Amino acid sequence: SQQGEEDPQALSIQEGENATMNCSYKTSINNLQWYRQNSGRGLVHLILIRSNEREKHSGRLRVTLDTSKKSSSLLITASRAADTASYFCATQGGSEKLVFGKGTKLTVNP
Amino acid sequence: NAGVMQNPRHLVRRRGQEARLRCSPMKGHSHVYWYRQLPEEGLKFMVYLQKENIIDESGMPKERFSAEFPKEGPSILRIQQVVRGDSAAYFCASSPSNGRDDTQYFGPGTRLTVL
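Residue numbers (the numbering used here), protein chains in the order written: chain L, 1 to 110; chain B, 111 to 225.
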């Protein structure tokens, strides 16, 4: 069953603006991960946040996790055209498998 | 350190033929995962393997699909008697340990088209 649900499904912004994507999930997790996928390509791991963490930063990325609301957000600051891609959240619970959402398609217009 | 390798990158098969997808994990990684992605969808877990063992195949269709990760060589995902509904991108990922709290590194995928 689909665990993560991202919103919005699609997001279009101008270069320099911030992009925020949200992810909600249903069951308890060990960690939540965000991946990026350029059109027709493989997945690139962006960031992993563990269930006992509330916020994590990596470069222009900021991820928050609220386990009480079963939700996470990914913020990309000062977006660039090269950030155009689909972004997926994936959760890991009691097993090794990742459970992915359907993704947010981000378009950054130059 | 080369990443996860998958081949072929694109595979075209006619209905009823067999498809064999290969995955070489990153150096030092002994855990392999296969996922399938339908158009405009997220990835769905299929199977998790360690060397010579299938650990979790809860996402694998019961018929026509099989996977192996032999002691030597790449992991193979095999689809027998392919049907149009098997058309998808198949991704392999690897991790150095059991992956329960560990990053999985993905390959570029094999895009299977069934005519």
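Backbone N, C-alpha and C define an ideal beta-carbon position, used for all residues, glycine too. All of these numbers come straight from a predicted model, not from anything done at the bench.
Handout entry: Where the beta strand (DSSP E) through glutamine 214 of chain B begins and ends
Key = Reading the second sequence from its first residue, position 104 is the one you call residue 214 of chain B. Run containing glutamine 214 of chain B: none; DSSP gives neither H nor E here.
Problem - Within chain L, the residues that proline 218 of chain B reaches when beta carbons sit closer than 8 Å - result: The residue given as residue 218 of chain B occupies position 108 in the second sequence. Within chain L, the residues near proline 218 of chain B are Arg41 and Gly42.
Handout entry: Selected residue, minimal CA-CA separation from lysine 56 of chain L, among L:Leu74, L:Lys70 and L:Ser68
Key = Here the question's residue 56 of chain L lines up with position 56 in the first sequence. Selected option, being the one with the closest Cα: L:Leu74.
Exercise for the section: Excluding the 5 residues preceding and the 5 following leucine 153 of chain B in the sequence, name in chain order all residues of the same chain whose CB lies nearer than 8 Å to its CB. Expected result: On the second sequence, residue 153 of chain B is found 43 positions in, with the first residue counted as 1. For leucine 153 of chain B, where only same-chain residues beyond five positions count, the Cβ hits under 8 Å are Tyr145, Arg146, Gln147 and Phe201.
Problem - Other residues of its chain near methionine 194 of chain B: CB distance less than 7 Å, five sequence neighbours each side excluded - result: Against the second sequence, residue 194 of chain B aligns to sequence position 84. A quick correction: the sequence has arginine, not methionine, at residue 194 of chain B. The residues are Arg125 and Val224.
Problem - Coil, strand or helix - alanine 114 of chain L by DSSP - result: In the structure as shown, chain L begins at 1 and stops at 110. Residue 114 of chain L is therefore absent and cannot be evaluated.
Practice task
With threonine 20 of chain L as the anchor, note down where its beta strand (DSSP E) starts and where it stops.
Solution key: As a position in the first sequence, residue 20 of chain L is number 20, starting the count at 1. Taken as a continuous stretch (DSSP letters only), the beta strand (DSSP E) holding threonine 20 of chain L covers 19-24.
Exercise for the section: State the DSSP-derived secondary structure class of alanine 203 of chain B, mapped to helix, strand or coil. Expected result: Here residue 203 of chain B is taken as the residue at index 93 of the second sequence, counted from 1. Three-state DSSP puts alanine 203 of chain B in a strand.
Problem - Residue from L:Arg41, L:Ile49, L:Val63 and L:Asn109 whose Cα sits closest to the Cα of glutamine 116 of chain B - result: Taking the second sequence and counting its residues from 1, the one referred to as residue 116 of chain B is at position 6. Closest option to glutamine 116 of chain B, Cα to Cα, is L:Arg41.
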